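Notes to accompany the following structure.
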Amino acid sequence: MEFEFLEVFLPSNLNDLRRVRYELLLTQLKCVHTSLEKVESPEAIDELDCSWKLREKAFPYSCTDEEGLILNYVIAANQLKSGFEISTAFGFSSMYIGLALKQNGGQLVTMDCYVEEWKESFVYNPEEMESSVECSRKNALENILPTGLHFAKESATKLGLSDVIRFEIGISPKDVPTIVGDRKLDFVFIDGGHFGEQPLLDFLAVYPYLSEKCAVFFHDNHSGTTVAQAVSEAENKLGASAQKLLTRWNLTLVSRGLNKLSLATLDYLLIRKHPSYLELSQTQLQQAQDELKLSQTQLQHTQSELKLLQTQLQNTQSELELSQTQLQNTQSELELSQTQLQQAQDELKLSQTQLQNTQSELELSQTQLQHTQSELELSQTQLQHTQGELEIVKYKAAQTEAMISAMQSSKFWKLRILWLKLKKNLGLVKEVQE
C-alpha cells in the first residue's frame with residue numbers, strides 16, 4: 004500500500020505517536036482541563052481515557068482526551084480546513100478541532116440547541132426544543148449565554164481560537180442549511196441526540212455540503228444504536244467502509260479521499276491498541292485465567308456442597324411435610340377439643356344456672372322450712388296447751404259422767420223419766436230422754 008507524505012510529524016517508533024501528539028497539545032489545553040471535573044466512572048485506563056464535565060453540571064459528558072486527540076490528528080494530517088460540529092455542549096471537542104484548524108488556516112462552525120441547559124432529563128419534544136432555542140437566541144443578543152456556551156467561548160478566547168470557532172444556537176437538521184450557508188465541509192463531527200432517527204437526520208443534513216475529500220466522525224457508535232444506522236448510511240453515501248476506533252465511546256470515522264497513512268496510523272493513538280496495554284492485558288488475562296481456574300475449583304466444591312445441601316433440603320422438606328401433616332392432625336384435634344370444651348363450658352353454664360336456681364329453691368325451701376318449723380313449734384305449743392285443756396275437759400267430763408251416772412241411779416231421776424213418758428203419752432212432749 005502506498006502512502007502520501009503526512010503533514011504531521013511521525014516519530015520513528017510509531018508506538019510513541021500517542022505520547023508525542025498529546026505532549027504537543029497538553030500545554031495548550033491545560034487551562035481548559037483545570038476548569039473542568041473528571042468523570043471518574045467508568046474507570047479510565049490512563050489519563051487520556053476519561054471524559055470531562057462542567058463542575059456545576061451533572062451532564063453532559065465530553066469526549067475523552069484520546070478521542071479529541073484523534074479528531075485533531077486527522078484534521079492536521081490531512082490539512083482539513085472547513086469543520087462543522089453537532090453539538091457543542093461546553094466546547095471540549097471544539098477546542099481539539101479548533102487547534103488543528105487554526106494550524107491549517109481553517110474555521111470551525113459548531114452548533115447546539117442547549118436544551119439540556121434547562122432540562123437535563125429532556126425527552127425530545129419539537130415544540131419545547133423550538134421554544135428553548137428561541138429563548139437562548141434572544142438571551143444571547145443581550146450576552147446572556149447558556150452555561151455550556153459561555154464556557155466554550157471563554158475556552159476559545161484562552162486558546163486564541165475566537166477567530167477560528169464560530170458558535171451557533173440552532174436545531175439539527177432544521178437550522179443546518181442556514182448555519183452552513185454556501186460552505187463546503189471537509190470535516191464533520193456528529194455528537195448530537197442519540198434518540199430515534201436523530202443521528203441519521205444529522206448526517207443527511209450535512210451530506211449535501213461535504214467535499215470530495217472529507218472526514219465524518221460519529222460519537223457513541225455502540226452496537227444496535229441509532230448511531231450505527233447513521234454510520235451505515237454514511238458508508239453508502241460516501242462509498243467507504245467505516246473505521247470503528249476502539250475508544251471509550253466508540254468513536255467512528257467514515258471518510259473519503261483522506262491520506263491513507265493518516266488512517267493507517269490511527270490505531271497508534273489508541274491506548275487499547277498500544278503494546279503496553281496489550282502486555283498489561285495479557286498479564287491481566289493470565290491472572291484472570293488463574294482466577295478462573297480457582298473459581299472453577301471453588302465452583303465444583305460449591306456445587307458438591309450445593310448437592311449436599313439440596314439432599315438435606317429434600318430431607319428437611321420431607322420432615323416439614325410430615326410435621327405439617329402432624330400439625331394439621333393436631334389442629335384438627337385441637338379444633339375438636341375446642342368444640343368439646345365449648346360444649347362443656349355451655350353445659351357448665353347451664354349447670355351453674357340450674358345450681359343457682361336450685362340454690363334459690365333451696366333457700367326458699369329452707370325459709371319455708373324455718374317458717375313451717377316455727378308454725379310446728381307453735382302448733383306443738385298449742386297442741387300441748389290443747390292437750391292440757393283436753394285433759395281438764397276429760398277430767399271434767401269424767402266427773403260429769405260420774406255425776407250423771409249418780410243422778411240416773413237416783414230416785415229423783417227415775418221419777419223424772421216416768422213423768423216425761425207420761426207427758427209423751429199425753430202428747431205434751433215428742434220424746435223422752437232416759
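Under the numbering used here, the residues of the sequence shown are numbered 4 to 437, in order. Glycine residues also receive a C-beta, built at the ideal position from the N, C-alpha and C atoms. Quantities reported herein were computed from a predicted structural model and do not represent experimental measurements.
Distance between L203 and T250 (C-alpha atoms, nearest Å): Distance between the alpha carbons of T250 and L203: 21 Å.
For a test of the three-state rule: what should DSSP assign to K417, helix, strand or coil? Helix at K417.
Nearest to G108 (by Cα), restricted to the options S265, Q82, W55: Taking the Cα of G108 as reference, the smallest distance to any Cα among S265, Q82, W55 is reached at Q82.
Sequence-distant residues of its chain with Cβ nearer than 7 Å to E200 (five each side left out): Result list for E200: T229, in chain order.
Which residues mark the beginning and the end of the beta strand (DSSP E) in which C217 is found? Element bounds for C217: 213-221.
4 or more residues per run - each alpha helix (DSSP H) lying fully within the stretch 136-212: Fully enclosed alpha helix (DSSP H) runs of no fewer than 4 residues occupy 150-161, 179-183, 201-209 of the stretch 136-212, in order along the chain.
For F170 and L148, I'd like the C-alpha separation in whole angstroms. Cα to Cα, the separation comes out at about 11 Å.
Whether I89 touches D194 by CB criterion (9 Å): A contact, by the Cβ cut-off of 9 Å.
Buried or exposed: Y76, going by 16 or more other Cβ atoms within 10 Å of its Cβ? Flag for Y76 reads buried.
Check whether the Cβ atoms of I168 and G94 lie closer than 9 Å to each other. Taking 9 Å as the Cβ cut-off, I168 and G94 qualify as a contacting pair.
Does the contact criterion of 3 or more C-beta pairs under 8 Å hold for the stretch 148-162 versus the stretch 23-35? Result yes; three or more Cβ-Cβ pairs closer than 8 Å.
State the start and end residues of the unbroken beta strand (DSSP E) segment that holds V112. Segment 110-115, the beta strand (DSSP E) holding V112.
Beta-ladder partner(s) of S85, from DSSP: The bridge partners DSSP lists for S85 are Q110.
Pull up the distance between the alpha-carbon of L312 and that of S321, whole angstroms please. About 14 Å.
Please look up how many angstroms separate the CB atoms of L57 and T67, rounded, as I've assumed it's under 8 Å. Contact flag wrong, Cβ pair sits at about 16 Å.
Let me check one thing: in DSSP terms, what residues is R21 bridge-paired to? BP columns for R21 are empty, so no partner.
Residues bridged to Q315 by DSSP? The partner list for Q315 (beta bridge, DSSP) is empty, contrary to what the question assumes.
Is S97 helix, strand or coil by DSSP? S97 falls in the helix class under three-state DSSP.
Here's the rule I'm using: 16 or more other beta-carbon atoms within 10 Å means buried, otherwise exposed. How should W55 be labelled? Under this definition W55 is a buried residue.
Taking contact to mean 3 or more Cβ pairs, one atom from each stretch, closer than 8 Å, check whether the stretch 94-104 and the stretch 19-33 are in contact. Cβ pair count under 8 Å is three or more, so yes.
Contact belief for L20 with L13 at Cβ below 8 Å, rounded distance in angstroms: Contact check for L20 and L13: beta-carbon distance about 7 Å, within the 8 Å limit, so the pair qualifies.
Just list the beta strand (DSSP E) runs in the stretch 235-312, keeping only unbroken ones of 3 residues or longer that don't cross its boundaries, in chain order. Runs of the beta strand (DSSP E) spanning 3 or more residues and lying entirely within the stretch 235-312 occur at 255-259, in chain order.
By the DSSP assignment, the beta strand (DSSP E) with V11 in it spans what residues? Taken as a continuous stretch (DSSP letters only), V11 belongs to no beta strand (DSSP E), as it is neither H nor E.
For L241 versus S265, is the C-beta distance shorter than 9 Å? It is not a contact, given that the beta carbons lie outside the stated cut-off.
CB V112 to CB V219, shorter than 9 Å? No. Outside cutoff.
Out of R140, L104, L188, C217, which has the shortest C-alpha to C-alpha gap to V118? Comparing Cα positions, the closest option is R140.
Through-space distance from N16 to M4, alpha-carbon basis: Any answer about M4 is weak, because its pLDDT of 37 lies below 50 and its placement is not dependable; what the coordinates show is given next. Going by the C-alpha atoms only, they are around 19 Å apart.
Locate the beta strand (DSSP E) running through V472, then write down its first and last residues. The structure shown has nothing for residue 472, since the chain only spans 4 to 437.
Kindly list the residues whose CB is nearer than 6 Å to the CB of F154, restricted to its own chain and excluding five residues on each side of it in sequence; keep chain order. F93, listed in sequence order.
Comparing alpha-carbon positions, which option in E59, Y25, V23 lies nearest E40? The residue with the shortest Cα to Cα distance from E40 is E59.
From D185, L358, E46, pick the residue whose C-alpha is nearest to that of S85; which is it? Among D185, L358, E46, the Cα nearest to that of S85 is on D185.
Quick one: is D293 buried, meaning 16 or more other Cβ sit within 10 Å of its Cβ, or exposed? Looking at its Cβ environment, which holds fewer than 16 other Cβ atoms inside 10 Å, D293 is exposed.
Taking the continuous beta strand (DSSP E) assigned at K56, which residues delimit it? That run of the beta strand (DSSP E) goes 54-57.
Assign H374 to buried or exposed, taking buried as 16 or more other Cβ atoms, counted over all protein chains shown, within 10 Å of its Cβ. Result: exposed.
Is the beta carbon of H222 sitting closer than 9 Å to the one on L188? Their beta carbons are not under 9 Å apart, which means H222 does not touch L188 by this criterion.
What is the DSSP secondary structure of K60, counted as helix, strand or coil? Note: K60 maps to coil in three-state DSSP.
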